[in-house]
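Comments concern the structure below.
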Amino acid sequence: MKKGVFFLLFVFMLALIFADIFFSPSLASNTKKTSIPFLHALHGDSIGLSCEACHSGAYTNREAFMPSKSDCMDCHRLPLTESEGIASLDSALKNASEHPFQTKNRLPAHVVFHHGVHAKANVSCEECHSNELAWDRGTPPLLLMNECLACHQGKRGFEASATDCASCHR
Amino acid sequence: MLISKRTFIKSFGALLGGLLLFGCRKQGEKSLSRVRPVSIPDIKKQIKEAMKNQKPLDSLVAIPVPSSLKAFPNATNRFGMAIDLDLCDGCGECVLACNLENNIPLVNEYQASKNNYMHWIELRDQIPVTCFHCGDAPCEKVCPTGAAVHSPDGVSAMVYARCAGTRFCGVNCPIKIRKFNYVDALDEGLQFISNPEVPVREQGVIEKCSLCLHRIQNARLKAKTIGKEFLGENVTTACAEACPKGAILFGNWLDPNSLLYKKARGRGVYTLSSIAPFDPSVVYFKGVR
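Okay, structure coming up:
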């Protein structure tokens, strides 16, 4: 009798776990899988490119945008390296749509974030977007408000900034 | 008999449990694609209905021109508005502009029958009344969740994500201008979305005039990005923009170059008698001092 109760409890727990996996709205990724494999490590500081070279608006605009195919082709119309992968990259680029990298802004509607203001205050992109490998995989980490607050309260080496609600929330 | 009673009960129980769990899964966020179209004439109709049953107005009393806030004596900005009663004829254009700017939903018939419109500006005895953004706001003192807060800029702001809908603020507001969002407007197809800058409020929060906070924020971010100090230049509220008589002025009470500051010179500054003790940022101009 006792065994049966445990069995039922076990089934119930299992069902809970499955329900959580299958029915919870996914926060993990709103980034569409792209047909072009991309590594930030190969495109950034190593070849002297700033983030804004591809993500236009990152230093001046509210949003930083994703590059279009023509932005890639600006450099990739020439064979840049002699590595073996270049042939498959060329074909991937050829078949890609005009906007191969698409991402949905995950900032909730009641939060204001302006990239330009933060760049002006000498906050580097890596301060928030440090995990570039996660971005390459298409699973960017979620930023939470306490990480914003840590900086704004002056706890992370930057000058303390506005912490009143109406500066960032609407 | 194919299965034993015990197995049947067990599997039936598991199935029932599973179905129960399926029933209480998270619905996810409401998608905007479900929004049924609300037309501008619908909004105009509700504004007209609201204008037909106007609430009574308190008497006007003279007050000094707003100056620095007590809570933020060092702030350089105190945004506010002035409504020139010598020019205003109570046409209600400001209400429409406000509704469109802030994605204010319609209300259903029941709420309309109780005269509970969502309008952030309403006409009372032909005079536009909105949140006065009191410097010493009674509503903010009673909020248990910290959703009603005052910004150093002088805006009495609502953090809707924090609002739990206790409605204490609405009760404590002397003019009862805070509106409770009784209706799930998205669900009932009463939501009109015309401005992507302003988030749609969920059911069960108190809404009110934000002094077009999104416009202030956007202008400030722009100014700071190019390294300028922001004193409220090039910002105006939707109602001020829409007023055909130019009777509504938006500006910075602490900036001598602000149009609002200049126009206040020599004018009689009034507010409602019930609001007068709370240091309002939105005032009425009437006659000369």
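Read top to bottom, the protein sequences are chains Y and V. Numbered according to my numbering, the first sequence spans residues 1 to 170. Numbered according to my numbering, the second sequence spans residues 171 to 459. We put the beta carbon where it would ideally sit given N, CA and C, even for glycine.
Exercise. Between V453(V) and T395(V), what straight-line distance do the alpha-carbon atoms span, to the nearest angstrom?
Worked result: Whole-angstrom Cα-Cα distance: 32 Å.
For this session: Answer yes or no: do A41(Y) and E132(Y) have a C-beta to C-beta separation smaller than 8 Å?
Result: With contacts defined as CB atoms closer than 8 Å, A41(Y) and E132(Y) qualify as a contacting pair.
For this session: Buried or exposed for A162(Y), please, with buried defined as at least 16 other CB atoms from any protein chain shown within 10 angstroms of its CB.
Result: By the neighbour-count definition (other C-beta atoms within 10 Å, threshold 16), A162(Y) is an exposed residue.
Problem set entry | E279(V), buried or exposed, once every other Cβ within 10 Å from all chains shown has been counted against 16 | Flag for E279(V) reads exposed.
For this session: Note down, in chain order, each residue of its chain lying with its Cβ closer than 7 Å to the Cβ of A28(Y), except the 5 sequence neighbours on either side.
Result: Confidence at A28(Y) is low in this model, with a pLDDT of 45, below 50, so its placement is unreliable and the value that follows should be read with caution. Cβ within range, chain order: T139.
Exercise. Going by the beta-carbon positions, is the gap between P322(V) and A245(V) smaller than 8 Å?
Worked result: The Cβ-Cβ distance between P322(V) and A245(V) falls below 8 Å.
Exercise. Between V353(V), G324(V), T336(V) and C264(V), which lies nearest to E292(V) when the distance is taken from Cα to Cα?
Worked result: In terms of CA proximity to E292(V), C264(V) leads the group V353(V), G324(V), T336(V) and C264(V).
Exercise. Okay, do the stretch 372-386 of chain V and the stretch 318-334 of chain V touch, 3+ Cβ pairs below 8 Å being the bar?
Worked result: Contact holds: three or more Cβ-Cβ distances are below 8 Å.
For this session: Find out if the Cβ-Cβ distance for the pair C268(V), I297(V) is shorter than 8 Å.
Result: I297(V) is positioned such that its CB atom lies no closer than 8 Å to that of C268(V).
For this session: Find the residues of chain Y that neighbour Y330(V), judging by a C-beta separation of less than 7 Å, and give them in chain order.
Result: Chain Y residues near Y330(V): H110.
Problem set entry | CA-to-CA distance, A134(Y) to R106(Y), given in whole angstroms | For R106(Y) and A134(Y), the distance between alpha carbons rounds to 15 Å.
Problem set entry | 8 Å Cβ cutoff, G250(V) in contact with chain Y | G250(V) has a beta carbon lying at 8 Å or more from every beta carbon in chain Y.
Problem set entry | Separation of I213(V) from L270(V), as counted between CA atoms | Spanning the two alpha carbons is a distance of roughly 9 Å.
Problem set entry | Residue from H115(Y), F158(Y) and R137(Y) whose Cα sits closest to the Cα of E179(Y) | The requested residue 179(Y) does not occur in the structure, where chain Y is confined to residues 1 to 170.
For this session: Put P426(V) into one of helix, strand or coil per three-state DSSP.
Result: Per DSSP, reduced to three states, the secondary structure at P426(V) is coil, with no helix or strand assignment.
Exercise. Taking DSSP as the reference, what is the three-state secondary structure of T406(V)?
Worked result: DSSP places T406(V) in the coil class of the three-state scheme, outside both helix and strand.
Exercise. With H303(V) and G250(V) assumed to form a contact (beta carbons below 8 Å), what rounded beta-carbon distance in angstroms separates them?
Worked result: Their Cβ separation, rounded to whole angstroms, is 7 Å, which keeps H303(V) and G250(V) in contact under 8 Å.
For this session: Count the other C-beta atoms from every protein chain shown that fall within 10 angstroms of the C-beta of E159(Y), then say buried if there are 16 or more, exposed otherwise.
Result: E159(Y) comes out exposed.
For this session: Consult DSSP for K214(V) and reduce its assignment to one of helix, strand or coil.
Result: The answer is helix: DSSP assigns K214(V) an H, G or I state.
Exercise. If we ignore side chains and look at the alpha-carbon of each, how far apart do I445(V) and N342(V) end up?
Worked result: Rounded to the nearest angstrom, the two C-alpha atoms are 12 Å apart.
Exercise. Taking 8 Å as the CB-CB limit, is F12(Y) close to chain V?
Worked result: Closer than 8 Å: yes.
For this session: In the DSSP assignment, find the unbroken alpha helix (DSSP H) run with M145(Y) in it and report its ends.
Result: Start and end: M145 to H152.
For this session: Verify the CB distance criterion: does S29(Y) have a CB-CB separation below 8 Å to chain V?
Result: Model confidence at S29(Y) stands at a pLDDT of 47, short of 50, so the residue's coordinates are unreliable; what they give is reported in the following sentence. No, its Cβ sits nowhere closer than 8 Å to a Cβ of chain V.
For this session: Report, in whole angstroms, the separation of the C-beta atoms of L419(V) and A410(V), which I expect to be a contact under 8 Å.
Result: Going by Cβ atoms, the distance from L419(V) to A410(V) rounds to 6 Å, so yes, they are a contact pair.
For this session: For my contact list, N273(V) and I363(V) are in at a C-beta cut-off of 8 Å; report their separation, rounded to the angstrom.
Result: Approximately 5 Å separates the beta-carbon atoms of N273(V) and I363(V); this is inside 8 Å, confirming the contact.
Exercise. Taking buried to mean at least 16 other C-beta atoms within 10 Å of its own C-beta, is M288(V) buried or exposed?
Worked result: The residue is buried, with at least 16 neighbouring Cβ atoms inside 10 Å.
Exercise. What three-state label does DSSP hand P298(V) in the structure shown?
Worked result: Strand, per DSSP.
For this session: Just mark D295(V) as buried or exposed, buried being the case when its beta carbon has 16 or more other beta carbons within 10 Å.
Result: Counting the other Cβ atoms within 10 Å of the Cβ of D295(V) gives fewer than 16, which makes it exposed.
Problem set entry | K69(Y) vs P37(Y) beta-carbon contact at 8 Å | Not closer than 8 Å, so no.
Exercise. Which class does S29(Y) belong to by DSSP, given the choice of helix, strand or coil?
Worked result: For S29(Y), the predicted structure reports a pLDDT of 47, less than 50, and the residue's modelled location is therefore unreliable. A value from the coordinates is still provided. Note: S29(Y) maps to coil in three-state DSSP.
Exercise. Does DSSP put F22(Y) in a helix, a strand or coil?
Worked result: In the three-state reduction of the DSSP assignment, F22(Y) falls in the helix class, which pools H, G and I.
Problem set entry | DSSP beta-bridge partners of L293(V) | The bridge partners DSSP lists for L293(V) are P298(V).
Problem set entry | Bounding residues of the beta strand (DSSP E) (the contiguous stretch that carries K456(V)) | That run of the beta strand (DSSP E) goes V452 to V458.
Problem set entry | Option in P226(V), G316(V), P308(V) and A241(V) with minimal Cα separation from V299(V) | Looking at the Cα atoms, P226(V) is the closest of the given residues.
Problem set entry | Boundaries of the beta strand (DSSP E) in which A389(V) is found, first to last residue | Taken as a continuous stretch (DSSP letters only), A389(V) belongs to no beta strand (DSSP E), being part of the alpha helix (DSSP H) at L383 to T395.
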